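Trainee: One structure follows; several queries about it will come next.
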Amino acid sequence: MLMISSEYKELYDEKWIYENLKNKNHEFVILYQIIPWQKISDHLKHYYSDIKGRPSLNLCMMTGLLILGKLRGIGDKKVLELVLENQYARYFCHVKPDDMILCDRTSLVRFRNRIGVQGVHFIESAIFYELRKAGVIQ
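Its first residue numbered 0, the sequence shown is counted upward by one per residue in numbering that gives the first Met the number 0.
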């Protein structure tokens with residue numbers, strides 16, 4: 000059994016997006032479209048075993064939660080609260096409400112510990128590169 004899914008998949012369909020995300024210019028909608036989710040997942044999957052351990056939480060979700068905390072300058076508890084309360088944050092982080100039952104503050108701590116400084120640096124570098132390429136930042 001594969002312990003980590005590194006394949007990026009759209010979580011929300013067009014109908015849900017149309018009905019629930021009225022502001023298509025919201026920063027989380029724009030960032031979601033710019034961030035190279037598959038590239039990040041492909042890079043981070045080597046931190047996981049294919050054959051041992053319990054199945055992990057979705058890499059895109061964990062990456063999104065990490066990014067959201069950095070963007071807002073908030074701790075893990077506040078990140079999780081924001082995702083529960085805000086549909087734009089849920090969309091950005093690839094989270095369905097049921098997913099949050101399995102995720103708590105310790106999940107984010109374990110994720111950061113697993114990918115280490117190098118993994119966090121890779122995520123940040125990949126995002127900043129795409130933001131510069133898109134002209135969002137200089």
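We put the beta carbon where it would ideally sit given N, CA and C, even for glycine. It should be emphasised that the depicted structure is a prediction, and the values quoted were computed from it without experimental measurement.
My output table needs one value for Val94: the three-state DSSP class, helix, strand or coil.
Mentor: In this structure, Val94 counts as coil in the three-state DSSP scheme.
Trainee: Once the 5 residues before and after Ile3 are set aside, which same chain residues still bring their CB inside 7 Å of it?
Mentor: Legend: pLDDT at Ile3 = 48, less than 50; position of this residue unreliable, no value from coordinates given.
Trainee: So the alpha helix (DSSP H) His42 belongs to, where does it begin and stop?
Mentor: Trp36 to Leu43
Trainee: Nearest-angstrom Cα distance between Leu64 and Phe110?
Mentor: 10 Å
Trainee: Within a Cβ cutoff of 8 Å, which residues of the same chain sit near Arg71, ignoring the five residues on either side of it in sequence?
Mentor: Lys77, Val78 and Leu81
Trainee: Identify whether His120 lies in helix, strand or coil by the three-state DSSP scheme.
Mentor: In this structure, His120 counts as helix in the three-state DSSP scheme.
Trainee: CB-CB under 7 Å to His120, same chain, minus the five flanking residues each way: which ones, in chain order?
Mentor: Excluding residues within five positions, none has a Cβ falling inside 7 Å.
Trainee: Round the Cβ separation of Val135 and Tyr87 to the nearest angstrom and send it over; I've been treating them as touching at under 8 Å.
Mentor: Contact doesn't hold; Cβ gap of about 17 Å is too wide.
Trainee: Within its chain, find whatever has a CB closer than 6 Å to the CB of Glu13; leave out the 5 residues flanking it on each side and keep chain order.
Mentor: none
Trainee: Go ahead and pull the three-state DSSP assignment for Asp12.
Mentor: coil
Trainee: Does the Cβ-Cβ distance between Ile126 and Ile50 come in under 7 Å?
Mentor: In this structure, Ile50 does not lie closer than 7 Å to Ile126 by Cβ.
Trainee: Would Leu67 and Cys92 be called neighbours here (beta carbons separated by less than 7 Å)?
Mentor: yes
Trainee: Check whether the Cβ atoms of Ile39 and Ile122 sit closer than 7 Å, and answer yes or no.
Mentor: yes
Trainee: Restricting to Cα atoms, I'd like to know which of Tyr128, Tyr31, Arg113 and Val116 is closest to Leu10.
Mentor: Comparing Cα positions, the closest option is Tyr31.
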